[in-house]
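Undergrad:
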Amino acid sequence: MARPARITVAVLNYIPMISGFYAEMPDVLRACLDSIYQNTDLPHDLMVFDNGSCKEVRQFLMDEHTANRIQYLLLSEKNLGKGGAWNIILSGAPGEIIAYSDNDVLYSKGWLSRSVQVLETFPNVGMVTARPFRSKADLFTRTVEWARQARGVKLEEDRLIPWESFLEFNLSLGHTEAEIRQIYETTRDYRVTYRGVTAYLGASHWQFVTYKSTLQEFLPLKTDKPMGQLRRLDKGVNDRGYLRLMVSDPLVMNMSNTPMNKYYQQRMPHRKPGKLGRKMLDFPPVKKVLMALYNRLFRWYYD
């Protein structure tokens, strides 16, 4: 009988409709899965959990499963929320190591081997994200304590992430360049070198690699708030003294709800430029107001 691979790459998908905010999400999902197929450099099984998507998306996933590109496909009749989906994914994934991501992550070559290298080199690791970015400092305080006290650790504190990489990632989150510049100039990075491996301090719940045994300490997650459990996991990993780390190169990218990036433009050259309405939505003053409204509504419903 076949045995599961040591590593399970797990993707959580939710596309309830192909319109509005979700109009381009099927293309985002395809780009995510294609980048996993092409750029994952260690033996693994791919698990996809679909959290109540529309029938067109479910059919696409079933076709990918039939073509042996998805080893484990779970289809939920209804949206269980992220916490409910995580309870199933993180407890049911068969691998010793789980590499989790949302459905809007784009992977580059070497992302998995580099993540596993950090996971297996550093002690007591809780989460490894495959790109450096500035996460909230209060969520990796225990990692800072370890870096300052442990022997054989070189700790650097400064603006260490290259500006171009910092800008690219934060633009994908909807910030303006002026806002990003202010953040870049007023905050700092923490970088450590241990046993010849360099990593940044911090991690994120939208993409991480960890041992399944570590995650079991935090399951089942409470599902009283649709998004509240995300910070609970980040905070719980830090509070229990686990290290939260990131690889030193940008090997994953957040696409949000549009696949328009260099990788996907090469894969889909037939896509046409946006119309006037799209240009208006991308106009910085308009985009800033709409994103602020979106963030406020999101917090009212989910925080």
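Count along the sequence shown starting at 1, add 185, and that's the number in the numbering used here.
Ideal Cβ placement from N, Cα and C applies to all residues, glycine included.
Predicted model only: the values in this text are computed from it and were never measured.
I think Asn442 touches Met202, with their Cβ atoms under 8 Å apart; what is that distance to the nearest whole Å?
TA: About 12 Å separates the two Cβ atoms, so there is no contact after all.
Undergrad: For Gly337, is the classification buried or exposed, using 16 other Cβ atoms within 10 angstroms of its Cβ as the cut-off for buried?
TA: The residue is exposed, with fewer than 16 neighbouring Cβ atoms inside 10 Å.
Undergrad: Any idea which residues DSSP pairs Met431 with across the strands?
TA: According to DSSP, which records beta bridges pairwise, Met431 is partnered with Thr314, Tyr385.
Undergrad: Could you have a look at Ile282 and say whether DSSP puts it in helix, strand or coil?
TA: Looking at Ile282 - three-state DSSP - the assignment turns out to be strand.
Undergrad: Report back the beta-carbon spacing between Leu430 and Gly295 to the nearest angstrom; my notes put them in contact at under 8 Å.
TA: Wrong, their Cβ atoms sit about 16 Å apart, outside the cutoff.
Undergrad: Thinking C-beta only, is Ala195 closer than 8 Å to Ile282?
TA: No.
Undergrad: Given a cut-off of 8 Å, decide if Arg243 and Leu260 are closer than it, judged by their beta-carbon atoms.
TA: Against a cut-off of 8 Å, the Cβ pair of Arg243 and Leu260 comes out as a contact.
Undergrad: Alpha carbon to alpha carbon, how far is Arg380 from Pro469? Give it in angstroms, no decimals.
TA: Taking the straight line from one Cα to the other gives about 45 Å.
Undergrad: So which of Ser293, Leu231, Ala322 has the shortest CA-CA distance to Tyr385?
TA: Selected option, being the one with the closest Cα: Ala322.
Undergrad: Give the C-beta separation of Tyr427 and Val310 to the nearest angstrom, bearing in mind that I take them to be a contact with Cβ-Cβ under 8 Å.
TA: Confirmed, Cβ separation roughly 7 Å.
Undergrad: On the DSSP bridge assignment, give the partners of Phe234 in chain order.
TA: Answer is Leu197, Leu259, bridged to Phe234.
Undergrad: Keeping to the same chain, check which residues put their C-beta closer than 6 Å to that of Asp212; ignore five residues upstream and five downstream.
TA: Result list for Asp212: Pro444, in chain order.
Undergrad: For Lys397 versus Ala315, is the C-beta distance shorter than 8 Å?
TA: Not closer than 8 Å, so no.
Undergrad: Find out if the Cβ-Cβ distance for the pair Leu304, Thr225 is shorter than 8 Å.
TA: For Leu304 and Thr225, no; Cβs fall outside 8 Å.
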